[in-house]
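Residue 236 in the numbering used here sits at position 32 of the sequence shown; the count goes up by one each step and never skips. Note that the Cβ used here is the ideal one computed from N, Cα and C, for glycine as well. These notes concern the structure reproduced below.
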Amino acid sequence: MMMWWDERGARLGSWDGKAMEPAMEEEEKTSPGRKVAIIDLDCEYTRQAVLGGFRRDKDRRWRTLVKPTTGDSTIKKGSHDYDDDLDDEVGACLYWGEYERVDWEAVGMGRIAANCYCIRKGLIRKAQLALAVHKWRSKRPDSLLAKRVPETHVFELYDIEYFDEVLIADVPELREMSPGEAWILKPNITNQALGVRVFDDLGTLRQILSSEEAWNLREWVVQRYVDRPLLVDGRKFHVRTYVLAVGAAPMRVLVYDQMLALFAADAYPAAGEGGRPRDISNLDAHLTNTCRITRQKLGGGMTPEEEAKHVRLLDEISGELGGPAGLRRVQGRDRRARGGVPGRRVVGPQLHAHGQLLRALRV
C-alpha cells in the first residue's frame with residue numbers, strides 16, 4: 205500500500221512543510237557507505253514532504269536521487285541526475301515513488317525496497333477488500349473485525365435486463381428488504397464518493413443501476429447501512445487515521461496519533477414521526493467525503509473557516525464524545541418520534557457507539 209496523505213491532514217498535523225534543512229554539500233553526498241534512495245513522486249507536495257524527512261536525518265545515512273516529474277525540465281536542488289540504469293550504477297536500495305513504476309521483479313529478488321505493497325488492490329478496491337474481510341471473518345468469527353464490519357455483498361451487473369437474476373444469484377438479501385431498510389451502494393473502483401448512493405427499495409436500486417452515471421460500471425459493493433451512526437453536532441463523521449506499514453512476516457504497523465474527524469456537509473436527518481424511516485435523499489447529510497463536499501458545496505475550494513467546520517482533529521472533539529454535555533452534542537437533532545424528547549433508545553446506542561469508537565482508536 206502506498207503511503208499517501210491528504211494535504212489537509214498534513215496541515216493539521218505537526219509537520220508544516222517549511223522546516224527544510226539546506227541541501228547537503230556535494231562531497232557529503234558522494235561519501236562512501238551511504239544508502240541511496242530514488243524519489244520518483246509526481247505530487248510536488250508529497251515529494252517535498254518525503255525529501256524533508258530525508259534531510260532531517262542527522263546522521264546523513266542517505267543520499268536522495270530525484271527523478272523529475274513529467275514536464276519538469278529541472279532537477280530539484282540537492283538531487284542528482286536520474287537515469288534508467290541507476291540501480292546498477294550506484295546501488296540504490298530504496299525506491300520511493302508511484303506504484304505503477306515500481307520494479308516488482310527487483311523488489312521480489314531483494315535488490316531494492318519500495319514504499320508500496322504489491323497487493324494494494326486488496327485494500328483500495330472495495331470488492332477485493334470486502335472479499336478479504338469475508339475470508340478473515342470466516343476464519344476468525346470472534347475477532348474485532350468480524351463484529352465491526354456491516355453486512356456486505358459483492359455483485360456484477362453487465363446489463364440491467366439481468367437485474368432480477370443477479371439479485372437472486374448474488375444478493376438474495378435485497379429481495380427480502382423490509383420497508384424502510386436502508387443499504388448503501390458503492391462502485392468497486394471510485395474516488396471522491398462518485399457513484400455512491402443510499403437506497404431503501406429495489407425500485408430505487410434499479411434506477412441507480414440504470415442511470416447514465418452507472419452504465420460503464422460493472423462491479424458493485426452493497427452494504428447494510430448504519431442507520432443510527434454516532435453524531436457530533438448533529439452531523440455524521442468518519443475518522444481518518446494515517447498508518448505506516450513496514451515489512452512483512454512480521455509486519456510492523458505504526459499509527460499516527462493525530463487523527464482527523466471529517467464531517468458531512470449537512471445535519472443528519474431525524475427519523476420520521478410514527479416510526480417512518482429518515483430521509484435518505486440528501487447525500488450531503490449521509491456522505492462524509494471531503495472532496496465531494498468541496499466539489500458539490502464549496503465550488504472546488506475551502507476557506508480556512510469552512511475547513512475548520514468540515515475537517516477537525518479528533519482530539520478537538522474528544523470532549524464532545526464523553527460526559528453529559530458531550531452526549532447532548534453527540535445526539536444532535538436526532539430525537540425519538542414520540543414527544544420529540546431524547547430517550548434511552550437514542551442515548552443508549554449513542555453512548556455505546558462512542559465508547560466503542562474511543563476504545564477501538566486507542567488500541
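Nearest-angstrom beta carbon gap, residue j and residue i [assumed within contact, 8 Å]
i, j, result
"residue 401", "residue 412", "5 Å"
"residue 517", "residue 464", "6 Å"
"residue 337", "residue 349", "6 Å"
"residue 269", "residue 240", "6 Å"
"residue 397", "residue 496", "4 Å"
Status (buried if at least 16 other CB within 10 Å, exposed otherwise) for residue i
i, result
"residue 289", "For residue 289, the predicted structure reports a pLDDT of 42, less than 50, and the residue's modelled location is therefore unreliable. A value from the coordinates is still provided. Classification for residue 289: exposed."
"residue 498", "buried"
"residue 230", "At residue 230 the pLDDT is 37, less than 50, meaning the model places this residue with poor confidence; the figure from the coordinates comes in the next sentence. The residue is exposed, with fewer than 16 neighbouring Cβ atoms inside 10 Å."
"residue 343", "exposed"
"residue 249", "exposed"
"residue 267", "buried"
"residue 368", "exposed"
"residue 330", "buried"
"residue 462", "exposed"
"residue 295", "exposed"
"residue 318", "buried"
"residue 251", "buried"
"residue 271", "buried"
"residue 455", "exposed"
"residue 434", "buried"
"residue 448", "exposed"
"residue 247", "exposed"
Check whether residue i and residue j have beta carbons under 8 Å apart
i, j, result
"residue 514", "residue 426", "no"
"residue 361", "residue 419", "no"
"residue 194", "residue 265", "Only positions 205 to 567 of the chain appear in the structure, and residue 194 is not among them; the question remains open."
"residue 322", "residue 308", "yes"
"residue 430", "residue 354", "yes"
"residue 441", "residue 492", "yes"
"residue 460", "residue 446", "yes"
"residue 406", "residue 378", "yes"
"residue 386", "residue 484", "yes"
"residue 299", "residue 324", "no"
"residue 436", "residue 524", "yes"
"residue 244", "residue 305", "yes"
"residue 470", "residue 452", "no"
"residue 371", "residue 391", "no"
"residue 403", "residue 439", "no"
"residue 417", "residue 399", "yes"
"residue 301", "residue 242", "yes"
Identified DSSP bridge partners for residue i
i, result
"residue 244", "301"
"residue 464", "444 and 517"
"residue 358", "425"
Quick check for students: name the residue ranges of the beta strand (DSSP E) that lie wholly in the region 246 to 277, counting only runs of 3 or more. Secondary structure remark: continuous beta strand (DSSP E) runs of at least 3 residues inside the region 246 to 277, in chain order: 266 to 270.
Output the residue ranges of the beta strand (DSSP E) runs that lie fully inside the region 375 to 461 and measure 3 residues or longer, sorted by chain position. Uninterrupted beta strand (DSSP E) stretches at least 3 residues long and entirely within the region 375 to 461 occur at 387 to 391, 401 to 403, 423 to 428, 439 to 444, 447 to 450 and 456 to 459, given in chain order.
Please specify which runs of the beta strand (DSSP E), each continuous and at least 3 residues long, are wholly inside the region 487 to 528, giving them in chain order. The qualifying runs are 515 to 517.
Please specify which runs of the alpha helix (DSSP H), each continuous and at least 4 residues long, are wholly inside the region 303 to 356, giving them in chain order. Taking only runs of at least 4 residues, the alpha helix (DSSP H) segments lying wholly in the region 303 to 356 are 308 to 312, 325 to 328, 330 to 343 and 348 to 352.
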